[in-house]
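A.B. asks: Protein chains in written order, with my numbering: chain C, 1 to 302; chain Z, 303 to 604.
Protein chains: 2
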Amino acid sequence: MEQYLGIDVGGTNVKMGLVDATDGRISNFYSRDPASWRNSGHFVKRLGDAIAIQLVEHPHVKRVGIGVPGLISRDRSTLIEITAIPEIDGTPVIPDLSARFPGTTFYLENDANAAALGEYYFGEERLPEDYIFVTLGTGVGGAAIIDKKVFKGGGGNAMEPGHVPSKHGRVLERNIGKVELLRMANEMRAEYKGQTVLPGDGTISTTGLVAAAAEGDELAQQIFDEMGSMLGDGLVAMIRILDITTVLIGGGLSASFDFIMPAVNRQLAYWLTPYYMKSLSVKRATLANDAGLLGAASLCFE
Amino acid sequence: MEQYLGIDVGGTNVKMGLVDATDGRISNFYSRDPASWRNSGHFVKRLGDAIAIQLVEHPHVKRVGIGVPGLISRDRSTLIEITAIPEIDGTPVIPDLSARFPGTTFYLENDANAAALGEYYFGEERLPEDYIFVTLGTGVGGAAIIDKKVFKGGGGNAMEPGHVPSKHGRVLERNIGKVELLRMANEMRAEYKGQTVLPGDGTISTTGLVAAAAEGDELAQQIFDEMGSMLGDGLVAMIRILDITTVLIGGGLSASFDFIMPAVNRQLAYWLTPYYMKSLSVKRATLANDAGLLGAASLCFE
């Protein structure tokens, strides 16, 4: 039974666990706030200490996958811009760890890219070898998997769907990211007085929006229709540039999947030719909380 | 001196020539209307006859590159949808030619992809290994070169920038393709009565537009400003999805390059972060009439 060590690095949480290559079962799960690592000024060394514990206990583990929230070098050796942990920018993390752990192979990837790949190896549904992955949440992130591999593009950091031009002179993420979505809801609330269950005191939450939409609330549904419409337009650009017809939607706001899909489908049908429509498939990603960790482990497949 | 045979297949013209691998010099140029090939029902066989003449005369030529105007299979063996020559759709052209010419290697590619690659090997300027190529003309076509190779995307036919959503509920090519551009010019002509050198009788041509813009005609410049603005928005989507910061503009309408660029640059600066802007470069493609033939020959590099 082959096992990989998956590591999901974040600014306020580092998760680590052994992952069965065959079924994605996670064991030896470990999660911690890396504040003291950050304060020490030796983040990667502390991360190495945590890795050492795992590898000493489980010497059969020879591959370690690491997902990080930010830009990395095209050769996947070095951190470039990790906005949540800026003190590690520029660190050649793969050479450093490889020197400390001879005989172990390390893999580095952006966390959204890793999560996308994780869906291929550990997701509930069998996926084709090419698909687009878009995460909805505070921002709008993404990845493309082509030939079962993360698509790096030219500079190494392809697929920033949140930064594609959208309506109102704003990029997509400034239209349908969490903050903008709630602003839109609070603004539109005035027009729906008495016809919505959503609060009028500026406290609408995304969870509240999803719940209201599920109950048939018109305002909530209207907001998700707007969101789906703008997401759909953005997907068309990705589909025509990448020639990929399977799309996975993940991220916290993918809870709105059922309510954005009518508008997403409407836009796809509006823009795309029958050639595309007949093979098109937009689905919800299946790895929820473990997406980061499983994604990191999936980097170890070759 | 290594030579490749380059073949640019079109519905009304097939061009063929030997191309020096080192400097792109074309010899034994041959061009013909393939009407009789098409009528014969044996297009590929007739094409093979023309190839045979070249290969018999020049037995040192061992590689043949073919560019075709349409969709081809992901493995680059078979024609899928060649709208200008529909009777050859479905033909396994590479296996067919390889069987007839043992010892010769054949390469097949979409013509816009081939033209894009040709800029790398035979263009006047030294290019990076990753760039976006967009052709302006009747339609808006394109290609991406990544790692000195044609980017195929998922299904094999990536980079259809003409079909990306643009303003007015239309795809980009329906806004800035030749026909739409002239419609826009003829429509706007009314507002510029007496202030433009462009004719008011509906006979504005793209050549006339470019000439007028070069003379400082306000209407012509306004039209290219609109065109550049919409092209710029489309480029941003490609740049953020592919993470590529060099863009080449080719095609017949690239004669307008100087007049669209102010608006293109304005939009790029509006949408992109400083990280992108500092490495961004938009240039005009350098291979004019021979782009198709040289592009086809460039497929023979490996």
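Idealized CB from N, CA, C, for every residue including glycine.
Using a Cβ cut-off of 7 Å, which residues of the region 209–243 of chain C contact any Cβ in chain Z, in chain order?
C.D. replies: Within the region 209–243 of chain C, the qualifying residues are D233, V236, A237, M238, R240, I241, L242, D243.
A.B. asks: Where do the N-terminal and C-terminal ends of the alpha helix (DSSP H) with C/M230 fall, by residue?
C.D. replies: From DSSP, the alpha helix (DSSP H) with C/M230 extends over 218–242.
A.B. asks: For Z/N330, which residues from the same chain have a beta carbon less than 7 Å from its beta carbon, with the 5 sequence-adjacent residues on both sides left out?
C.D. replies: Taken in chain order, the residues that qualify are G319, L320, Q356.
A.B. asks: Could you tell me whether the Cβ of Z/A460 comes closer than 8 Å to any Cβ of chain C?
C.D. replies: It does; some Cβ of chain C falls within 8 Å.
A.B. asks: Using a C-beta to C-beta distance shorter than 8 Å, which residues of chain Z count as neighbours of C/D89?
C.D. replies: Result: empty, since nearest Cβ-Cβ is about 13 Å, beyond 8 Å.
A.B. asks: What are the uninterrupted segments assigned as beta strand (DSSP E) that are 3 or more residues long and contained completely in the region 388–450 of chain Z, given in chain order?
C.D. replies: Here the runs fully enclosed are 407–412, 433–438, 442–448.
A.B. asks: At 8 Å on the CB atoms, spell out the chain C contacts of Z/V466, in chain order.
C.D. replies: Neighbours of Z/V466 on chain C, chain order: V236, A237, R240, I241.
A.B. asks: Strictly below 9 Å CB to CB, what residues from chain C border Z/D432?
C.D. replies: Correct list: G153, G154, G155.
A.B. asks: Using a Cβ-Cβ cut-off of 6 Å (strictly less than) and excluding sequence neighbours within five positions of Z/A522, which residues of its own chain qualify?
C.D. replies: Answer for Z/A522: L511, A514, A515, listed in chain order.
A.B. asks: Taking all protein chains shown into account, decide if Z/G502 is buried (16 or more other Cβ within 10 angstroms of its Cβ) or exposed.
C.D. replies: Burial call: exposed.
A.B. asks: According to DSSP, which residues form a beta bridge with Z/S605?
C.D. replies: The displayed coordinates of chain Z run from 303 to 604. Any statement about residue 605 of chain Z would go beyond what the structure contains.
A.B. asks: If you reduce the DSSP assignment to three classes, tell me which class Z/G554 lands in.
C.D. replies: Three-state result, Z/G554: helix.
A.B. asks: Quick check on the burial criterion: 16 or more other C-beta atoms within 10 angstroms. Buried or exposed for C/V56?
C.D. replies: C/V56 is exposed by the Cβ-count criterion.
A.B. asks: Are the Cβ atoms of C/V144 and C/I132 separated by less than 8 Å?
C.D. replies: With the sequence shown as reference, residue 144 of chain C is identified as Ala, and Val is not the correct amino acid for it. Cβ distance < 8 Å, so C/A144 and C/I132 count as in contact.
A.B. asks: Could you tell me how far apart the beta carbons of Z/D310 and Z/G369 are, in whole angstroms, since I believe they sit closer than 8 Å?
C.D. replies: Z/D310 to Z/G369, Cβ: 5 Å. Contact.
A.B. asks: Which one or two residues does DSSP pair with C/Q264 in a beta bridge?
C.D. replies: Looking at the sequence provided, one finds Val at residue 264 of chain C rather than Gln. In the DSSP output, where bridge partners are listed per residue, C/V264 has none listed.
A.B. asks: Note down the Cα distance separating Z/I541 from Z/R586, rounded to an integer number of angstroms.
C.D. replies: Roughly 17 Å between the two C-alpha positions.
A.B. asks: With DSSP run on the structure shown, which of helix, strand or coil describes Z/D560?
C.D. replies: Here Z/D560 sits in helix by DSSP.
A.B. asks: Chain C beta carbons: is any one of them nearer than 8 Å to that of Z/I448?
C.D. replies: By this cut-off, Z/I448 is an interface position.
A.B. asks: Here's the rule: buried if 16 or more other CB atoms are within 10 angstroms of the residue's CB, otherwise exposed. What is C/D111?
C.D. replies: By the neighbour-count rule (16 or more Cβ atoms within 10 Å), C/D111 is buried.
A.B. asks: With a threshold of 6 Å on Cβ separation, who are the neighbours of C/T196 within its own chain once the five nearest residues in sequence on each side are excluded?
C.D. replies: Contacts found: D217, L219.
A.B. asks: Return the chain-ordered list of same chain residues with a C-beta closer than 6 Å to the C-beta of C/S229, the five sequence neighbours on each side being excluded.
C.D. replies: If we look at C/S229 and ignore the five residues flanking it on each side, its Cβ neighbours are A263, Q267.
A.B. asks: For C/E81, which beta-bridge partners are listed by DSSP?
C.D. replies: C/E81 is bridged to C/L71.
A.B. asks: With 8 Å as the threshold, decide whether the Cβ of C/W37 is near any Cβ in chain Z.
C.D. replies: No, C/W37 lies away from the interface with chain Z (no Cβ there is under 8 Å from its Cβ).
A.B. asks: Based on Cα-Cα distance, which residue from C/E81, C/E119, C/R46 lies nearest to C/W37?
C.D. replies: Considering only alpha carbons, the answer is C/R46.
A.B. asks: Which residue marks the beginning of the alpha helix (DSSP H) containing C/I340, and which one marks its end?
C.D. replies: Residue 340 of chain C is absent from the structure shown; chain C starts at 1 and stops at 302.
A.B. asks: Less than 8 Å between the CB atoms is what I'm expecting for C/E87 and C/F43, so what's the real figure, rounded?
C.D. replies: Indeed they touch by this definition, with Cβ atoms about 7 Å apart.
A.B. asks: Spell out the partners DSSP gives C/Y30 in its beta bridges.
C.D. replies: Paired residues: C/M16.
A.B. asks: Keeping to the same chain, check which residues put their C-beta closer than 7 Å to that of C/V95; ignore five residues upstream and five downstream.
C.D. replies: Sequence check: residue 95 of chain C is Pro here, not Val. Taken in chain order, the residues that qualify are S77.
A.B. asks: State the CB to CB distance for the pair Z/I506 and Z/A492, rounded to an integer number of angstroms; the pair is presumed to be in contact (CB under 8 Å).
C.D. replies: Not quite, the Cβ-Cβ distance comes to about 12 Å (not below 8 Å), so this is no contact.
A.B. asks: Quick check on C/N113: buried or exposed, where buried means 16 or more other Cβ atoms within 10 Å of its Cβ?
C.D. replies: Its Cβ being crowded by 16 or more others within 10 Å, C/N113 is buried.
A.B. asks: Could you check whether the region 249–261 of chain C touches the region 135–142 of chain C, counting it as contact only if at least three pairs of C-beta atoms, one from each stretch, sit closer than 8 Å?
C.D. replies: At 8 Å Cβ cutoff, the stretches touch.
A.B. asks: Just curious, the alpha helix (DSSP H) that Z/A590 is in, first and last residue?
C.D. replies: Looking at the DSSP string, Z/A590 is not in any alpha helix (DSSP H), and its letter there is neither H nor E.
A.B. asks: Is the shortest distance between the beta-carbon of Z/T547 and the beta-carbons of chain C less than 8 Å?
C.D. replies: Cβ-Cβ to chain C under 8 Å: yes for Z/T547.
A.B. asks: For C/V171, go through chain Z and note every residue whose CB falls closer than 9 Å to its CB, in chain order.
C.D. replies: V538, R542, W573, listed in chain order.
A.B. asks: Should C/A304 go down as buried or exposed, given a rule of 16 or more other Cβ atoms within 10 Å for buried?
C.D. replies: No answer is possible for residue 304 of chain C: it lies beyond the span of chain C, which begins at 1 and ends at 302.
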